[in-house]
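All letters in the sequence shown, in the order written, are residues 2 to 302 by this note's numbering.
Structure first, then comments.
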Amino acid sequence: MTAKFKLCLLIYCLVVFCSVLNAASPDKNVILIGWDGAQREHVIQALEKGQLPTLKKLSKEGKLVKIDIEGEAEQKIKITDENRAKYEKMTQPRKNKEGKVNKPDGKIIDQNGVEYYFVPGKPHYNMSKNTDLFENGLVLDEKVGKRVIELIEQNKDKRFFFFVHFAEVDHSGHKSGENSKEYNDALISNDKWTGKIIDKLKKLGIYKKTLIYITADHGFDEDQTGHGNAPYVFLATNAKNIIRDGRRQDVAPTILEAFGLDLSQIEPKLDGIPLTKEDNRTAAKIGPTEIKKKVKKSKTD
Ligand SMILES: [Zn+2]
2 MTAKFKLCLL IYCLVVFCSV LNAASPDKNV ILIGWDGAQR EHVIQALEKG
52 QLPTLKKLSK EGKLVKIDIE GEAEQKIKIT DENRAKYEKM TQPRKNKEGK
102 VNKPDGKIID QNGVEYYFVP GKPHYNMSKN TDLFENGLVL DEKVGKRVIE
152 LIEQNKDKRF FFFVHFAEVD HSGHKSGENS KEYNDALISN DKWTGKIIDK
202 LKKLGIYKKT LIYITADHGF DEDQTGHGNA PYVFLATNAK NIIRDGRRQD
252 VAPTILEAFG LDLSQIEPKL DGIPLTKEDN RTAAKIGPTE IKKKVKKSKT
302 D
């Protein structure tokens, strides 16, 4: 199953907040840009063909590193006739061994007429209620990009954090496949609108005090229309202090650190290590989730 955690919970959204920061923080704005479903290999190939000039320039100023997604990350499972009973059962309260009733983790939600079993990310899934602005439903890169540019103008005199989510790559991948022209065009569109955001920052004279991070919530299955096993993404930034490749859980601490937050004060502790710090963990477990196949017993058994 796939990585559809933070970014896909916030489908088509962008987030802005101007936070209270500790006094020792650097004086930088941060913009995190999600290219939903951008497969690392495809991105690298498009870069080599010169199709993603913004990404190329940004990485030259800072870094482009590999990000792998470890373990199972799908939080949203499509409900079908076959699995409905199972997931409906999982949304019911259950008694544990001591007889205590536990609330279910997941619920069934409806998105554009399709039902999903959905497990909200815990415990940080309150973000939308705790930002100065949370908007979604813009869908198209052009609409998202134009709105971001408008909001940068409005917030230019404050210090800000934006999370911008471009969804067209994911959408075109589902519709036309990872090797389609549409998928490639959507990557070019993400790059173009990312470029327009950067141009706006430059025009306002605030680019030098703004760190940009581009990443993806998951890749895409090679030549397929899904991302059931797509753990390979990237992080590109104009920040100069990234020292290594990493795992998806390293992205959040990297960005929070860049924004000047004291990570030791965050509870519960974050899973990852900033990409500015050495990594001494054991090797990541990357790969397809094991699917337990039912072994049919033959009648003669
Ligand atoms: Zn998707």
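Every residue gets a Cβ at the ideal spot worked out from N, C-alpha and C, and that includes glycine.
These numbers were taken from a predicted model, which means no experiment stands behind them.
Proximity to residue i [Cα-Cα], best of the options
i    : options                : result
K61  : I267, E258, N239       : N239
D28  : Y208, L134, T277       : Y208
Y117 : S129, A86, D69         : A86
D224 : Y184, P121, F260       : Y184
K50  : T132, G247, D186       : D186
A259 : E179, H172, F161       : F161
P94  : G107, D82, E83         : G107
R248 : K57, K182, I267, D280  : D280
V66  : V102, G178, S177, K241 : K241
G229 : I256, E179, G100, P121 : E179
V102 : D111, I267, T92        : T92
Y88  : K203, E42, K96, I110   : I110
I45  : Y233, L264, G261       : Y233
K278 : N30, G100, L264        : L264
N30  : K193, S181, K203, K159 : K159
H1   : P121, E154, T81, A217  : Past the edges of the chain, shown from 2 to 302, lies residue 1, and the structure says nothing about it.
L139 : N97, R148, K193, N131  : R148
W36  : L262, V165, Q266       : V165
C-beta neighbour in chain C for residue i, strict 7 angstroms
i   : result
V44 : In the structure shown, chain C does not exist; there is a single protein chain.
Exposure of residue i, with buried meaning 16 or more beta-carbon neighbours within 10 Å
i    : result
E169 : buried
A24  : In this prediction, A24 scores a pLDDT of 35, lower than 50, which makes its location untrustworthy; no coordinate-derived value is stated.
T272 : The amino acid at residue 272 is misidentified as Thr; the sequence shows Asp. Result: exposed.
Q40  : buried
N113 : exposed
N156 : buried
R282 : exposed
D171 : buried
N84  : exposed
I256 : buried
L205 : exposed
I287 : exposed
K210 : exposed
T81  : exposed
K203 : exposed
I153 : buried
K130 : exposed
K64  : buried
Beta-carbon proximity of residue i to residue j, cut-off 7 angstroms
i    : j    : result
A231 : H219 : yes
K201 : I150 : yes
G38  : G174 : yes
A253 : E71  : no
F167 : N191 : yes
T55  : G227 : no
Rounded Cβ spacing between residue i and residue j (contact assumed at less than 8 angstroms)
i    : j    : result
L276 : D251 : 5 angstroms
F119 : K77  : 5 angstroms
F235 : I68  : 6 angstroms
I34  : I215 : 5 angstroms
L141 : L53  : No, L141 and L53 are not in contact; Cβ-Cβ is about 19 angstroms, not under 8 angstroms.
K79  : V115 : 7 angstroms
L48  : K58  : Contact doesn't hold; Cβ gap of about 11 angstroms is too wide.
I198 : I32  : 7 angstroms
For residue i: DSSP bridge partner residues
i    : result
W36  : F167
G229 : Paired residue(s): none; G229 is not in a bridge.
Q112 : V115
N103 : R95
N30  : T211
I70  : According to DSSP, which records beta bridges pairwise, I70 is partnered with nothing at all.
E79  : Here residue 79 turns out to be Lys, not Glu, going by the sequence shown. DSSP, once it has assigned bridges, lists Y117 as partnering K79.
K64  : T238
G247 : I68
E42  : Paired residue(s): none; E42 is not in a bridge.
T216 : G35, L236
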